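Q: My questions all concern the structure below.
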Amino acid sequence: MTPTHTFRHTVAMLKARELLVLTLVTSGILVFSGCSASVKDDFADLRKPHTRQDKLPALDEDPSETIDFSTARYLGEHEGTSLWIAEGIKASSVCLVALFGDSEGSISCGGTSGVATQGQAGSFAVIPDNGFVPDNAMKISENVYAITP
4 MTPTHTFRHT
14 VAMLKARELL
24 VLTLVTSGIL
34 VFSGCSASVK
44 DDFADLRKPH
54 TRQDKLPALD
64 EDPSETIDFS
74 TARYLGEHEG
84 TSLWIAEGIK
94 ASSVCLVALF
104 GDSEGSISCG
114 GTSGVATQGQ
124 AGSFAVIPDN
134 GFVPDNAMKI
144 SENVYAITP
């Protein structure tokens, strides 16, 4: 081996090592930033201050394994259906609670891209901040819309 070849080989090894370290550091930052992000970042309704109205009433369906009660926010009523948004128990999930009647209701959950539900309570969509709102949607809150056929 000539001294020039050894020098080039050493420089190439250093560059490869620097690239590997940079890749690992960047990957770590992406992983940790993904874990630390909150679903609240995507839904303005979840960032609203807590009020007394936010407390969920008793439901036929037990929501304790589905939603985080402390994050529930009352959004209002649409054609006799009361609506709440809440963070789901599963990471990065958002849920819509629709209550019609005394205790009949539904809980629908989805990811940060939103959730849509259709049933006795009506048709609703939870749309993230700056998300696409369909033409047949009527705004109920910052993130929740009633969907008409």
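Start counting the sequence shown at 4; every next residue gets the next number (the numbering used here). Every residue, glycine too, gets a C-beta built ideally from N, C-alpha and C. The structure displayed is predicted, hence computed values, not measured ones.
#1: Identify whether A149 lies in helix, strand or coil by the three-state DSSP scheme.
#2: Which residue's Cα is closest to the Cα of D132: Q123, G122 and V118?
#3: Around the Cβ of N146, are there at least 16 other Cβ atoms within 10 angstroms (buried) or fewer (exposed)?
#4: Hey, out of G104, T69, H53 and E68, whose CA is closest to E80's CA?
#5: Span of the beta strand (DSSP E) holding H81?
#6: Among residues of its own chain, excluding the 5 on either side of Q123, which ones have a beta-carbon nearer than 8 angstroms to its beta-carbon?
#7: Should T26 go down as buried or exposed, given a rule of 16 or more other Cβ atoms within 10 Å for buried?
#8: Taking 9 angstroms as the cut-off, decide whether the C-beta atoms of T120 and A101 are in contact.
#9: Quick one: measure Cβ to Cβ for V136 and T115, integer angstroms, because I've assumed they're closer than 8 angstroms.
#10: Buried or exposed for D48, going by 16 or more other Cβ atoms inside 10 Å?
#11: What number of angstroms, rounded off, separates the C-alpha of L62 from the C-alpha of D138?
#12: Please go through the same chain and pick out, in chain order, the residues whose beta-carbon is closer than 7 angstroms to the beta-carbon of L78, but skip the five residues on each side of it.
#13: Could you please give me the residues that DSSP links to G117 through a beta bridge?
A: Let me lay it out:
#1: Sequence index remark: in the sequence shown, residue 149 carries index 146 (1-based). DSSP places A149 in strand when its eight states are reduced to three.
#2: Here residue 132 refers to the residue found at position 129 of the sequence shown. If we check each option's Cα against that of D132, V118 comes out closest.
#3: One-based indexing of the sequence shown puts residue 146 at position 143. So N146 ends up on the buried side.
#4: Reading the sequence shown from its first residue, position 77 is the one you call residue 80. E80 has its Cα closest to that of G104, out of G104, T69, H53 and E68.
#5: As a working mapping, residue 81 is identified with position 78 in the sequence shown. Counting along the chain, the beta strand (DSSP E) containing H81 begins and ends at R76 to H81.
#6: On the sequence shown, residue 123 is found 120 positions in, with the first residue counted as 1. Excluding positions up to five away in sequence, the list reads F103, E107 and S109.
#7: Translated into the one-based positions of the sequence shown, residue 26 becomes position 23. Note that T26 scores a pLDDT of 30, beneath 50, so its modelled location is shaky and nothing firm can be said.
#8: As a position in the sequence shown, residue 120 is number 117, starting the count at 1. As a position in the sequence shown, residue 101 is number 98, starting the count at 1. Here T120 is near A101, since their CB atoms are less than 9 angstroms apart.
#9: Here residue 136 corresponds to residue number 133 of the sequence shown, with the count starting at 1. Here residue 115 corresponds to residue number 112 of the sequence shown, with the count starting at 1. Actually they are not in contact, since the Cβ atoms of V136 and T115 sit about 16 angstroms apart, beyond 8 angstroms.
#10: Residue mapping note: residue 48 aligns to position 45 of the sequence shown, counting from 1. It counts as buried.
#11: On the sequence shown, position 59 is the one that residue 62 refers to. On the sequence shown, position 135 is the one that residue 138 refers to. Taking the straight line from one Cα to the other gives about 32 angstroms.
#12: To locate residue 78, count along the sequence shown from 1; it is residue 75. Excluding positions up to five away in sequence, the list reads D48, L86, W87, I88, I143, S144 and V147.
#13: Translated into the one-based positions of the sequence shown, residue 117 becomes position 114. Bridge partners of G117: none, in fact.
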